[in-house]
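In my numbering, the protein residues as written are 213 to 516. Built from N, CA and C at the ideal position, the CB exists for glycine as well. Take a look at the structure set out below.
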Amino acid sequence: MQDYQSVLNNIYKELINKKDKGEVASYIPELKNVDLNTFGINLQVVGDKSYSVGQYDEKFSIQSISKVLTLAKAISIEGHNLWQRVDVEPSGNPFNHLSLLEQENGIPRNPLINTGSLVIADILVSQLKNPKADFLNFVRQLANDDSINYNEAVAKSEKETGYKNYAGANLLKSFGNLNNDVDEVLDFYFHQCSLEMSCEQLTKTFYVFANKGSCMLEKAHLNKSHTKRINAIMLTCGFYDEAGEFAFEVGLPGKSGVGGGIVALLPKKFVISVWSPGLNKKGNSKIGMQALELFTTQTNLSIF
Ligand code: GLN
């Protein structure tokens, strides 16, 4: 039996006083007011207990972590037809990189980079009756938590400054890989990114990916084969041009966001969420990555 609480306590103690915690994302103005020293972890063992440390119940902006959730919704509607419009290869480039998209005729490398997620957003805008409300409902069902919501100020802040996302959406449109209006797709995308959750809520939401498609209270389900494929995409593409490093250091499928959150999981074993808002050069939580490296090393639990 592992003493998970001691492992989390030790990781917290080891990292909380680190001098270099990276830098809080400032390109979305609304995100830059977060305290660099906040740090929380929540672990849920599949079919068993939950363990926490630090500010695990404080909400933060999940940002790109939402891309996994929109993908899960879109694949539940479109099935594998989806892969005609977006590929499943790591990009080896930053999340907002654009020139590869032009070289590859408007087919994004994967659904976890920005342009890939914009294609997924386009699908949801086409297929859902009330896209923002229906998607929010889907997330609330996965988490079994109706308090989860968008942060309108964060969505607005990105709408005012998200020039690269406007460029990416227009590029997709020029290649015929966006069916809806650019502004409508971006409005949906900025809202999905503005979703706020605590580590604990994030863990609950992602439990479905560790539990072969069944949520914690079995109230919502995803197809098992879709779950398997989404985990594969998280492993190969979840950290953009740092996906190799994350697999090397941590060894789990996972996803990061520029709000400083990371969620990672070991299928059939556990889900773990970490939040520390300082980012490294690749836009991933600096302390978050170190915490997960310590966790999988100390517990000897990873997919490898
Ligand atoms: N909303 C952010 C963007 O589009 C998400 C990026 C991220 O979390 N990596 O730039």
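#1: Excluding the 5 residues flanking Thr-373 on each side, which residues of the same chain have their C-beta closer than 8 angstroms to its C-beta?
#2: Could you name the residues whose beta carbon sits closer than 6 angstroms to any heavy atom belonging to the ligand GLN, keeping them in chain order?
#3: Identify which residue in Gln-275, Ser-369, His-433, Glu-290 has its Cα closest to the Cα of Ile-332.
#4: Less than 8 angstroms between the beta carbons of Gly-463 and Ile-515, yes or no?
#5: Report yes if the CB atom of Pro-306 is closer than 8 angstroms to the CB atom of Tyr-452, and no otherwise.
#6: So what does DSSP say about Phe-387, is it helix, strand or coil?
#7: What does the alpha-carbon distance come out to for the pair Gln-510 and Lys-371?
#8: Roughly how many angstroms separate the alpha carbons of Asn-249 and Val-483, rounded to a whole number?
#9: Return the chain-ordered list of same chain residues with a C-beta closer than 6 angstroms to the C-beta of His-403, the five sequence neighbours on each side being excluded.
#10: Quick check: the Cα distance between Ser-218 and Ile-474, rounded to an integer number of angstroms?
#11: Run the CB neighbour count on Gly-206, radius 10 Å, all protein chains shown included, and call it buried at 16 or more, exposed below.
#12: When the Cα of Asp-357 is compared with those of Glu-412, Met-213, Leu-255, which residue comes out closest?
#13: If you follow the beta strand (DSSP E) that Ser-400 is part of, which residue opens it and which one closes it?
#14: Taking only three categories from DSSP, how would you classify Met-409?
#15: Can you give the Cα-Cα distance for Gln-353 and Glu-408, rounded to whole angstroms?
#16: By DSSP's criteria, Phe-482 is part of a beta bridge. Which residues make up the other side?
#17: Specify whether the stretch 446-461 and the stretch 390-400 touch according to this definition: at least 3 beta carbon pairs, one from each stretch, less than 8 angstroms apart.
#18: Drop a sphere of 10 angstroms on the beta-carbon of Met-213, count the other beta-carbons inside from all chains shown, and report buried for 16 or more, exposed for fewer.
This is what the structure holds:
#1: Tyr-239, Ile-240, Pro-241
#2: Gln-275, Ser-276, Phe-307, Asn-308, Asn-326, Glu-370, Asn-377, Cys-405, Gly-469, Val-470, Gly-495
#3: Glu-290
#4: yes
#5: yes
#6: coil
#7: 42 angstroms
#8: Spanning the two alpha carbons is a distance of roughly 23 angstroms.
#9: Lys-344, Tyr-362, Ala-367
#10: 21 angstroms
#11: Nothing can be reported for residue 206, as the shown portion of the chain is limited to 213 through 516.
#12: Glu-412
#13: Checking the displayed sequence, the identity of residue 400 turns out to be Phe instead of Ser. Element bounds for Phe-400: not the beta strand (DSSP E) but the alpha helix (DSSP H), 394-405.
#14: strand
#15: Rounded to the nearest angstrom, the two C-alpha atoms are 15 angstroms apart.
#16: DSSP output for Phe-482 lists Val-257, Leu-478 as bridge partner(s).
#17: no
#18: exposed
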